[in-house]
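Protein chains in written order, with the working numbering: chain U, 1 to 283; chain Z, 1001 to 1291. What follows is a set of notes on a single structure, which appears directly below.
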């Protein structure tokens, strides 16, 4: 039944029109800061000040050249990836294994351990900063990549556990039992039976943690002091309020940092939104 | 599954996760608690000072100012972000052409590095050279061109605006997820019974979204206590620490002043506040778990 059929046509048209207009206006308002930054990155410094709101008169890449000369953006990307890759790789493997045990095998403390790990979602990273700094100095790993990789994995554990166990609990036990009868070992059960089915969950976890590590700032600024090891987030602070240096170059640097993220969002939106709404809380 | 009922295998499989988790999440909390009772400053022996740091906090006007700023941001998010996100979710939950593009654009600020969010907004809000005041002066609204950041009063409100911008899409998406769960039959039944759209909203949609509202409130509260990068970029806590939040003030005391003991007191207080709000969230998860 068409529930709004009793509304006269003209009125319906008006409401639809209003809806479209509001969606367009809201979307535009939210994206103004990005658009402004991107447009400005193609303008000359003079044009940014004389014509701050319009489209650039000519698209010039001069700002990008000067941004890449002033800031070693490729190096920031390289450092970020050196940290991201092992974090995602080892983090996903160890939490997958532990979640597998916690959800597939019933033993005395499985429930307790599950809630013990999940409750980590409530721990704000800021209470951990100084102790982790202190420990890193004691372990003599301060200013090394590993100083960030280990806490990043630890911080991703509660959320990954939540998602993994949520999925694995619904996994039919019969399939696994059948596999055991057929002579499958633990390893081949994980890789050949569970893994193919759990792929979307793994993807969600990977993307979510990728964004977390990519964007992470508080731990990075605490544990990394060497400019040669700066991540993207740390590199971006060099630009803070630097009106004295090239305005356009700052816009270009900012744009080259957010564009890859917007591209990731475009292609993997479904998984990102799933991850953010499933766990909804982190970091 | 006899082969992994063996205790040793279970322990072996749990060990890496548990070790890292305990080492980097649990032990640090105990350490923070421990340091909060000391006067440790990085050099020399760790000396116990009892409750001295806690008393210092109660006498520190900058602490209360930071607490006030945190609650201003929180209040702003609660009264502006939450209702806006709810209304937006009602709008975006409709079937329309191009609605998915709109959704992902509105959502995009939530995945951008917060440090870049802060950077962009510094260049918008700066009172002298920022885009906003430049715009206001052009259209002849000079009197509205206020000192959005860096002044004495407006900074925390501006941070609330940036936080709202950053999280609007995120909170909206969670509302939409909640709206999707409401069975269509209920809405149809209410239509047939002659409920007006307003009645439907207040007597059906909102009560059924109770859980989603709680989750979003928890997220907003937890989120506003975690705003760090935005403040670092917008004002750096200045002028004279007037725009610090609890955690930026904690960071300043700990890492710039090297008053580790006192810094950990502020960290513990922040932790306790967030635990209280977070327990609501955990209760919801546990309840879902039982079903």
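Cβ atoms here follow ideal geometry from the backbone N, Cα and C, with glycine treated the same way. Nothing here was measured: the structure is a model prediction, and the numbers come from that model.
- Under the Cβ criterion (8 Å, minimum of three pairs), the stretch 24 to 37 of chain U counts as touching the stretch 1097 to 1109 of chain Z.
- By the Cβ neighbour-count rule, residue 274 of chain U is buried, with 16 or more other Cβ atoms within 10 Å of its own.
- Annotation for residue 1133 of chain Z: the continuous alpha helix (DSSP H) segment containing it runs 1131 to 1138.
- The residue among U/129, U/38, U/261 with its C-alpha nearest the C-alpha of residue 1263 of chain Z is U/129.
- For residue 1229 of chain Z, the nearest beta carbon of chain U is closer than 8 Å to its own beta carbon.
- With respect to chain Z, the C-beta atom of residue 19 of chain U has a partner C-beta closer than 8 Å.
- In the DSSP assignment, residue 1038 of chain Z forms a beta bridge with Z/1048.
- Between residue 1217 of chain Z and residue 1119 of chain Z, the gap from beta carbon to beta carbon reaches 8 Å or more.
- Residue 1010 of chain Z and residue 1269 of chain Z have their C-alpha atoms some 37 Å from each other.
- Residue 60 of chain U sits in coil when the DSSP states are folded into three classes, being neither helix nor strand.
- Per the Cβ contact rule, the stretch 1191 to 1201 of chain Z is not in contact with the stretch 1145 to 1155 of chain Z (fewer than 3 Cβ pairs under 8 Å).
- Contacts between residue 1058 of chain Z and chain U, judged by CB atoms closer than 9 Å, are missing: the closest CB pair is about 20 Å apart.
- Within the stretch 1105 to 1116 of chain Z, the residues whose Cβ lies closer than 8 Å to any Cβ of chain U are, in chain order, 1105, 1106, 1107, 1108, 1109, 1110, 1111, 1112, 1113, 1114, 1115, 1116.
- In the three-state reduction of the DSSP assignment, residue 197 of chain U falls in the helix class.
- Under the three-state reduction of DSSP, residue 184 of chain U is assigned to coil, being neither helix nor strand.
- For a Cβ distance threshold of 9 Å, residue set 52, 53 of chain U lies close to residue 1135 of chain Z, ordered along the chain.
- Contact between residue 268 of chain U and residue 250 of chain U fails: their C-beta atoms lie close to 28 Å from each other, not under 8 Å.
- Residues are counted here when their Cβ sits less than 8 Å from a Cβ of chain U; for the stretch 1013 to 1034 of chain Z these are 1013, 1014, 1016, 1017, 1018, 1020, 1021, 1023, 1024, 1025, 1027, 1028, 1029, 1031, 1032, given in chain order.
- Shown here, residue 169 of chain U sits in coil according to DSSP, grouped into three states, outside any helix or strand.
- Using a Cβ-Cβ cut-off of 8 Å, residue 139 of chain U does not count as an interface residue toward chain Z, since no Cβ of chain Z sits closer than that to its own.
- Counting along the chain, the unbroken alpha helix (DSSP H) around residue 20 of chain U starts and ends at 9 to 41.
- In this structure, residue 1117 of chain Z and residue 1227 of chain Z do not form a Cβ contact; the two beta carbons are roughly 10 Å apart against a cut-off of 8 Å.
- Contact between the stretch 103 to 123 of chain U and the stretch 162 to 170 of chain U is present, with at least three C-beta pairs closer than 8 Å.
- Between the stretch 1120 to 1129 of chain Z and the stretch 213 to 224 of chain U, the count of C-beta pairs closer than 8 Å stays below three; the two stretches do not touch.
- Against chain U, the beta carbon of residue 1260 of chain Z has neighbours under 7 Å at 130, listed in chain order.
- Collapsing the DSSP output to three states places residue 1167 of chain Z in a helix.
- As the crow flies, the alpha-carbon of residue 124 of chain U is around 35 Å from that of residue 187 of chain U.
- Rounded to the nearest angstrom, the Cβ distance from residue 99 of chain U to residue 161 of chain U is 5 Å, consistent with a contact under 8 Å.
- Listed by position along chain Z, the residues whose Cβ is nearer than 7 Å to that of residue 101 of chain U are 1010, 1013, 1014.
- Flagged as an interface residue toward chain U: residue 1247 of chain Z, by a C-beta distance shorter than 8 Å.
- A Cβ of chain Z is located within less than 8 Å of the beta carbon of residue 215 of chain U.
- Below the 8 Å Cβ cutoff, chain U contributes no neighbours of residue 1064 of chain Z, its closest Cβ being approximately 19 Å away.
- Interface flag for residue 46 of chain U against chain Z is unset, since no Cβ pair is found closer than 8 Å.
- The C-beta separation of residue 215 of chain U from residue 88 of chain U comes to about 14 Å, leaving the pair out of contact by the 8 Å criterion.
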